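Structure first, then comments.
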């Protein structure tokens, strides 16, 4: 059960600050400091998905300990696609505010490295101890072409949520991953309103659709079994049209079962899906771990869900690795100071605070063994397991184009136009290489 402390944001804030004040005693200086240039270090970051302003707490702690190297967050608003455009402008110096650090979606590392927007971590200052503390998958996301470009601010991974009170039978303890057949078995009868649907994901026309589609492709591929299930793909996704067709049926609902997938989920993003789950409209939802705290904490929402009524499990197949990585803007006059700050924010102590206070998934392995994390986050082992089995999306400097092509193909198949295997392979290969195709 989630502790009473986490239900009181002001208490959490005080505890978070008190915990963080000790960070200066527990976080090693992993980067050689320099005198730097006067003025604040500017971190450009999207809106915080976690609760209680945990990222700002860490910045406040840094400023208390480093009054000569103060930092601040320059926020950018919008979804993943809008944030990407804003990050590119800051990287190019096109904004009035000059950035030192970008908090990038991990899929942007390859692009920003390849185009010279961010600085490679100097080989003689590689934070070896910190890298050794990171979980394998988040650590790998910081590299491009075997060179280190960033460190994690937080990691993320797709998980499945279910309402215990709406399940036909009690899940085991600890809960096992639900299968797609489990979802199908919970299709509500006609005229049912609580729930109305068995499942919802995020199918609006943005990166969330790509994530849901890729996870559906991986799950179908896994269920097929045999060599096809384990064979690595240079494109990160299978290119068998039959797998894509099955994945589309999973995303939007199988023929003849109209109440499996929420028909309105074509306009859903994470917060909309959470609201449907909160209001008992769906039994299952795919979301990120931060949704747990949103569900159980009263804020501006009218209702909450009892923590005991929430079941969180890994997805039926491998989940997409998410999260944000911190990188130094190329040409920043305060590169050494920026790297010192990044190492502070990526350290185990900081990751612990982000998870304890903000509900973020920690990138450091030891965090999941901490008693305070286990007490506040009953599903910490589930999150760690999902992270260990997760996969990255394709690393390419042209990821936005590749992602859009996945969404385009999904839309075509949904409309009945299934490409051939050769065409699918060529289209994805071209998109990954940044080649535009005429329609």
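In this note's numbering, the protein residues as written are 586 to 1024.
From the three backbone atoms N, C-alpha and C, an ideal C-beta is built for every residue, glycine too.
Keep in mind it's a predicted model, so treat the numbers as computed, not measured.
First through last residue of the beta strand (DSSP E) which encompasses residue 926: Run containing residue 926: none in the beta strand (DSSP E); it sits in the alpha helix (DSSP H), 920-931.
Simplified DSSP assignment, three categories, for residue 716: helix
For residue 630, the residue or residues it bridges with in DSSP: 660
CB contact flag (residue 683, residue 627, <8 angstroms): yes
Nearest to residue 703 (by Cα), restricted to the options 967, 721, 932, 736: 736
For residue 741, the residue or residues it bridges with in DSSP: 907
Bridge partners - residue 728, DSSP secondary structure assignment: 733
Own chain, CB closer than 8 angstroms to residue 845, minus 5 neighbours either side, in chain order: 768, 769, 772, 782, 783, 784, 838, 839
CA nearest to the CA of residue 1006, picked from 758, 856, 827: 827
CA-to-CA distance, residue 862 to residue 1050, given in whole angstroms: Since the first and last residues shown for the chain are 586 and 1024, residue 1050 lies out of range.
Assigned secondary structure, residue 888 (DSSP; H/G/I helix, E/B strand, else coil): Residue 888 falls in the coil class under three-state DSSP.
Simplified DSSP state of residue 621, which is helix, strand or coil: Summary for residue 621: the model assigns pLDDT 41, below 50, so the residue's position carries little reliability; its value from the coordinates is reported in the next sentence. Looking at residue 621 - three-state DSSP - the assignment turns out to be coil, as it is neither helix nor strand.
Validate contact between the region 697-714 and the region 909-927 using beta carbons, cut 8 angstroms, 3 pairs: A contact exists between the region 697-714 and the region 909-927.
N-terminal and C-terminal residue of the alpha helix (DSSP H) that residue 1008 is part of: 1006-1017
In DSSP terms, what residue 912 is bridged to: 687
Own chain partners of residue 824 with C-beta closer than 8 angstroms, once the 5 adjacent residues on each side are dropped: 818, 1006, 1009, 1010, 1013
Residues near residue 951 in its chain [Cβ-Cβ closer than 7 angstroms; skip 5 each side]: 718, 933
Cut-off 6 angstroms between Cβ atoms - residues of its own chain near residue 873, not counting five sequence neighbours on either side: The residues are 741.
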